[in-house]
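Scroll down for the structure; my scribbles are underneath it.
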Amino acid sequence: MDSETTTRGTVGEVFRTFLKLGLTSFGGPIAHLGYFRDEIVVRRRWLGEAAYAELVALCQFLPGPASSQVGFALGLWRAGPLGALAAWAAFTLPSAIVLVLFAFGAVALDGPVAQGLLHGLKIVAVAVVAQAVWGMARTLTPDWQRLAIGVGAVVIALMLAGSFGQVISIVLGGLAGLVLCRSGASVPAVTMRFPVSPAVGLLCLTIFAVLLFGLPVLASLANAQGLDLFDAFYRAGALVFGGGHVVLPLLDAETVASGWISKDSFLAGYGAAQAVPGPLFTFAAYLGAVVSTPPNGVLGAAIALVAIFLPGFLLLLGVLPFWDAIRGRPLAQAAMRGANAAVVGILAAALCDPVWTSTILGPLDLALALLGFGALVVLKLPPWIVVASLAVAGVVIGLVF
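Each residue of the sequence shown is one higher than the last, beginning at 660 in our numbering.
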């Protein structure tokens, strides 16, 4: 067991914690990792910094929504399988419900107030990611070897944009760790025993593969729209690394190119998805609700939402039983120290682009981001207060300027 975690929690505790995160975590998957770290590692101390970084590194390797996979694993770690489901439901449903309402025409995002609100929330993301980089760098890059790996990861991630650069950074960081991080003082390996047996892990990997390769065949034979819908969103969730905006081209190909959804409807939902908290994968709920052929509406939203998250969770459950044994070996520890340093570099690269470049458009934006960073790091205010304050500031700027 992680030496910084002495007790387990309840399903209710996990649900309440992730419901708070699901209501306040704006800014995309990288920012979500910052919110998770602040709430669960720093404030609640469910597990240590190193264990959290290892979960992040593992989930970056796997296809699927990285931040949601981290949340699922944290719920599993804290309160078992029901805790994992509670974490997923609480973090996912707030934004999914809002996007389904938007699909029914109940929500409209237009005008200077809405644009200002969205911009204020993007500034929140700058402050949150900067706080995560600052805190994780102090713990995970304490010597020149790991600092060099982190800097190298920044360069690679900026040169090779997207999830490919992130995966390459972690792979090269792990290889560099084998050379540079095998001696000297180091963080002891943490023991994270998830309640998943090797047999269950192998079963999950088998189910993942059977669904990935079997669903297209079954859908073509059955000629059922519900099965086609599940297959399309399962495939999108299974083939994307890192989650977030990377999934959008796959979803466009599955829904717009197939004629299920018009381009205008797709882009309208995408705009709404950026203005709500929680994982961007909940965009699938909107798409499932507006597809032209039944099942659509609430049923279509539920099918699409489950299908897009399922493959990432099956892969995570399949790998977790074997992760602890592999990580506990000296060479694996050295590789993980390098990979953890690379995770810091990836966060720093994301802070530069796209978080900073798409948000800080002038001196006023910079001032608000610095105020948010100071509120989080120096004053240690709860993130929801910073979210609300900067959102209001964004609305005021949108109205005045």
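Built from N, CA and C at the ideal position, the CB exists for glycine as well.
Relative to the alpha-carbon of residue i, which residue among the options has its alpha-carbon at the smallest distance?
i: F872; options: G742, D890, V670; result: D890
i: A746; options: L682, V906, T1018; result: L682
i: V1051; options: R702, P771, E713; result: P771
i: L898; options: A868, V729, K922, T669; result: A868
i: Y711; options: Q804, S917, V1003; result: V1003
i: I1005; options: G742, I808, L1020; result: I808
i: R667; options: R704, A1008, P857, S754; result: R704
i: G833; options: S856, W803, A716; result: A716
i: R805; options: G997, L1029, A743; result: G997
i: G928; options: G730, A755, R696; result: A755
i: A1008; options: F1060, V788, R841, R702; result: V788
Using the rule of at least 16 other Cβ atoms within 10 Å of the residue's Cβ for burial, across every protein chain shown, is residue i buried or exposed?
i: S726; result: buried
i: N882; result: exposed
i: T941; result: buried
i: R737; result: buried
i: F981; result: exposed
i: F674; result: buried
i: P688; result: buried
i: G693; result: buried
i: I829; result: buried
i: S1017; result: exposed
i: G794; result: buried
i: P953; result: exposed
i: K922; result: exposed
i: K1039; result: exposed
i: R988; result: exposed
If the criterion is Cβ atoms closer than 9 Å, does the pair residue i and residue j meet it?
i: L819; j: A931; result: no
i: G686; j: V1014; result: yes
i: I962; j: G896; result: no
i: T676; j: E698; result: yes
i: V949; j: A791; result: no
i: L864; j: V978; result: yes
i: L975; j: L721; result: yes
i: A1001; j: A786; result: no
i: L862; j: V906; result: no
i: G1057; j: L776; result: yes
i: G959; j: G947; result: yes
i: A690; j: L714; result: no
i: L752; j: V670; result: no
i: L1023; j: L1049; result: no
i: Q728; j: Q825; result: no
i: R894; j: L874; result: yes
At the 9 Å Cβ level, is residue i part of the contact set with chain B, yes or no?
i: L692; result: No chain B appears in the structure shown, which is made up of a single protein chain.
Checklist entry - Can you list, in chain order, the stretches of the beta strand (DSSP E) that have 3 or more residues and sit fully within the region 984-1030? => result Taken in chain order, no unbroken stretch of beta strand (DSSP E) lies wholly in the region 984-1030 with a span of 3 residues or more.
Checklist entry - Which ranges would you report for the alpha helix (DSSP H) in the region 778-866 if only whole runs of at least 4 residues count? => result Secondary structure in the region 778-866: the alpha helix (DSSP H) runs of 4 residues or longer, each lying completely within the stretch, are 803-818, 822-839 in chain order.
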